[in-house]
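As you go down the protein sequences, you meet chains R and B in turn.
Reminder that position 64 of the first sequence reads as 64 in our numbering, one-by-one numbering, no gaps.
Just remember that our numbering sits 1000 ahead of the position in the second sequence, which is counted from 1.
Beta carbons are placed, not taken as given, at the ideal position from N, Cα and C, and that holds for glycine.
Following: one structure in structure tokens, then a few remarks.
There are 2 protein chains.
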Amino acid sequence: MNIGTASEKSGLPPKTIRYYEEIGLIRADRRMNGYRDYSEKDVRRLHFVHRARDLGFSVEECRQLLSLYDDETRESAEVKAIAQTKLKEIENRIAELVSLKASLEHLVRNCHGDDRPDCPIIEGLAGRS
Amino acid sequence: MNIGTASEKSGLPPKTIRYYEEIGLIRADRRMNGYRDYSEKDVRRLHFVHRARDLGFSVEECRQLLSLYDDETRESAEVKAIAQTKLKEIENRIAELVSLKASLEHLVRNCHGDDRPDCPIIEGLAGRS
DNA sequence: TTAAACCTTCCCGTCGCTGGAAGCTCAAGC
DNA sequence: GCTTGAGCTTCCAGCGACGGGAAGGTTTAA
């Protein structure tokens, strides 16, 4: 099938699919006319990468996961380790953002927000700390 | 003062300070020898940007905030609006990550993680959904 | 036949820097 | 005076993960 159909089935834009091919993530056959030709199996792999990306895995991690996906002799422990690492990263990122949110809320709470120029937010950003 | 000193005082790497100048965020005087020359006021502005970036504001938002910082006739309402918008963005991002975390946790929880190849994480990523 | 809808490759832009190369200036030690 | 090393300058390239758009070939439907 053509890239457009593979795009619809996998949910990935054609541009992204071509990019994945360029970086060697998912290759495609070629027809006589130079068009890429995708099999159902290719589409499943594209779909797999799509979901993994949505779950926060980097393209390089997707490459790892894809090779595990393809590997019938994989150990689930290896997959789990990758997922757990990613989970920790997400948790760390959340913690960072929550802390940011608290700082920003503190500033916003103290700003009266009217037509006067004195502003605790500006002062907070300028702060000597 | 030279860029190195301004860097130490503001906490921003020299490369970053040069970059900010390149994009017209914070300009510097020049000495006879071509070296950049920073005043204490410049350093305060660099520091301001540093803090704003740390709080999650984009460089373009820093540009806005900086012009408000400089503007003695600003209305604090305008600053507050920017901060509130950013706060919403951070909250949205947190919500996204929390949902991601839940999905990933669900997969990880169901994976036994041993030497066998069957793996609910891989299956979840491949999932027909 | 012709127009629209696909497909191809190629290159540039995004965002916010960071690294490195090549070359100039300055301060300190001998 | 000379050298060494640190610090400064500019410029170019690259990161991640694409997206936009140009220029051109192919296919399909009317």
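Proximity test, Cβ basis, 8 Å: residue i and chain R
i, result
"V1079 of chain B", "yes"
"D1115 of chain B", "yes"
"T1073 of chain B", "yes"
"H1112 of chain B", "yes"
Whether residue i touches residue j by CB criterion (8 Å)
i, j, result
"E1072 of chain B", "P120 of chain R", "no"
"R1030 of chain B", "E1021 of chain B", "no"
"L1068 of chain B", "R93 of chain R", "no"
Nearest-angstrom Cα separation, counted from residue j out to residue i
i, j, result
"E105 of chain R", "G113 of chain R", "13 Å"
"S76 of chain R", "V1043 of chain B", "53 Å"
"E1091 of chain B", "K88 of chain R", "19 Å"
"L46 of chain R", "A1081 of chain B", "42 Å"
"R36 of chain R", "R18 of chain R", "9 Å"
"G1011 of chain B", "S7 of chain R", "46 Å"
"T16 of chain R", "A126 of chain R", "42 Å"
"N110 of chain R", "A95 of chain R", "23 Å"
"K101 of chain R", "F48 of chain R", "33 Å"
"K9 of chain R", "D1115 of chain B", "33 Å"
"I1003 of chain B", "Q1064 of chain B", "24 Å"
"S1099 of chain B", "S99 of chain R", "18 Å"
Below-8 Å beta-carbon distance, residue i vs any chain B residue
i, result
"A102 of chain R", "no"
"S39 of chain R", "no"
"D42 of chain R", "no"
"A126 of chain R", "yes"
Top-ranked residue by Cα proximity to residue i, from the options
i, options, result
"R130 of chain R", "R:K41, R:R74 and R:L66", "Because residue 130 of chain R is not part of the residues shown, which for chain R are 1 to 129, the question remains open."
"H1050 of chain B", "B:R1093, B:C1062 and B:G1124", "B:C1062"
"S103 of chain R", "B:P1013, B:L1055, B:D1070 and B:G1011", "B:L1055"
"E123 of chain R", "B:N1033, B:R1074 and B:K1086", "B:R1074"
"F57 of chain R", "R:V79, R:I3 and R:V108", "R:V79"
Where residue i falls, given that 16 or more other Cβ within 10 Å makes a residue buried
i, result
"V1059 of chain B", "exposed"
"A83 of chain R", "buried"
"G1024 of chain B", "exposed"
"K1086 of chain B", "buried"
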